[in-house]
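Below: the structure, in C-alpha cells.
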Amino acid sequence: MDQHLSAGAGTLHARVSELPYIVPALDADAERPGHLVVVVDHSGADLEFHQGQAGGGSVVTTTVEGGSFPVHKAGRADTPGYGDPQQHTEESRTKNIRTVADRVTAIVDDEKPEVVFVVGEVRSRNDLVAALPERAAKLAVHLQVGARNSGFDPEVLHDAVDGWLIQHHRDSTEAVAQDFSAEIHRGEGLATQGLPGVCAALRAGAVDTLLVGEMGSATVVSSDDLDTVAPNPDVLSELGVAPTRILRADEALPMVAIPTGADLVRMPDGYSATDGVGALLRYAPRQPAAIT
C-alpha cells in the first residue's frame, strides 16, 4: 500500500511486527477519490483533474476558452430584432458553455472522476450543469467560492474541496456502518461479526467490506502464506492446516482482506461489533459465518 494522507494520523504508534499496521491510515481519512474541479464563466473554464491515490495523486490542469464573443450584454439594445446584440451575447454564452461541457464530459468518460466540483458565479454554474449529459451532471457539486478571474484565493477553493471530500468520506463510512448494523439485525447472513465469523468469511473470499473497530491485543493464527486465517489453532487444525504464525488481529485481518478486493472502513463512533471487527458480505456463506 502506498497512499498520501491528507492529515497526520494523530497519536504516534510504534510497533515491531512482521505485518504493517494500517489502521491509523483509516483514521486519517486517507482516501481521496479522483475528482474534477471546474472554475467556469461564460467565456470558458479552468479545469483541474485530481487522479486520487490510485493514479498516484497527480493533478492535470487545462484551460478551455470558448472563443465566442461577446459574452457581456450591452447596457441597451440599439438594434432590436434581427442582429440584436443581446441575442448575439446569449448565443455566444451558450456556445462557450457547450464547449466547456463537451470537455468536462470527455474527462468524465475517460478518467471516471467520482465527483465534479463546479465553481463560478451562479448562472455560469447552472448553465454548465444544465448543458452536461445526465452521467456527468449527476456528479456535479456546486461550491460557492467566487467567480472565475475574480481573484479568489486558490487555497480557499482547495480547502472547500478537501472539506467536502472529508465530510463525504465520513458520511459514506456512517452509511456503511448503518448497513452493517441493519444486516446484523436482519440475520440473513450478509453480515458477520467477531473473530470467528470474520475469519471464516475471509477464508471464503466473501468479505465485501471489513469494518475495523477496537480489537485491542486480540490475536489470530495463520499458515505461512496468510491465506488461511483463524481465531485459534483448533479451527485451523480442523481445516487441515498447520498453524505456524500468531498475529495481531488488527494487523492481520486488513492484510488478508486487501488482496480479495474488500473495502476497509474504520468503525465510526456510536457503532460496535463483537471483538471489534465486522464485515459486510458479498454473499451469504453456506454455513453462517458467525458460528464458524
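So the number in this note's numbering is just where the residue sits in the sequence shown, counting from 1, plus 78.
The beta-carbon is built from N, C-alpha and C at its ideal position, and this holds for glycine as well.
Small disclaimer: the values here were computed from a predicted structure and weren't measured.
Terminal residues of the continuous beta strand (DSSP E) containing residue i?
i    : result
F324 : According to the sequence provided, residue 324 is Ile. The question's Phe does not apply to it. From DSSP, the beta strand (DSSP E) with I324 extends over R323 to R326.
D124 : G122 to H128
E143 : V137 to E143
A357 : V355 to L359
L114 : H113 to V118
Might you give, ordered along the chain, the residues of its own chain that have their beta carbon closer than 7 Å to the beta carbon of residue i, omitting 5 neighbours on each side?
i    : result
V299 : A308, N310, P311, L314, P321, R323 and I324
V142 : G122, A123, L125, T177, V178 and R181
G198 : V117, V118, D119, A225 and R226
A209 : I175, R176 and A179
E261 : L268, A269 and L358
E212 : none
With burial defined as no fewer than 16 other Cβ atoms inside 10 Å of the residue's Cβ, what is the status of residue i: buried or exposed?
i    : result
F147 : Unreliable positioning characterises F147 in this predicted model, as indicated by a pLDDT of 49, which lies under 50. The coordinate reading is nonetheless provided below. Counting Cβ neighbours within 10 Å, F147 comes out exposed, since fewer than 16 surround it.
R110 : buried
R344 : buried
P332 : buried
V285 : buried
A184 : exposed
L342 : buried
T167 : buried
Considering just the uninterrupted stretch of the alpha helix (DSSP H) at residue i, what are its terminal residues?
i    : result
G275 : G272 to R281
A103 : V101 to D105
Once the 5 residues before and after residue i are set aside, which same chain residues still bring their CB inside 6 Å of it?
i    : result
P191 : G112, H113 and L114
D328 : V101 and M293
V194 : L114, L217 and A218
What is the C-beta distance between residue i and residue j, in whole angstroms, given that I count them as a contact (C-beta under 8 Å)?
i    : j    : result
G272 : T352 : 4 Å
V207 : A218 : 5 Å
E297 : R326 : Residue 297 is actually Thr in this sequence, not Glu. So it is a contact: roughly 6 Å between Cβ atoms.
Leaving aside the five residues before and after residue i along the sequence, list all residues of the same chain whose C-beta is less than 8 Å from its C-beta, in chain order.
i    : result
P346 : R248, T251, E252 and A255
G135 : H82, R110, H128 and Q129
Length at least 4, wholly inside the region 208-232: the alpha helix (DSSP H) runs in chain order | 212-215
Completely contained beta strand (DSSP E) runs for the region 286-341, where each covers 3 or more residues | 297-300 and 323-326
Can you check the region 171-203 for any beta strand (DSSP E) of at least 3 residues that lies completely inside it and give the ranges in chain order?
-> 193-197
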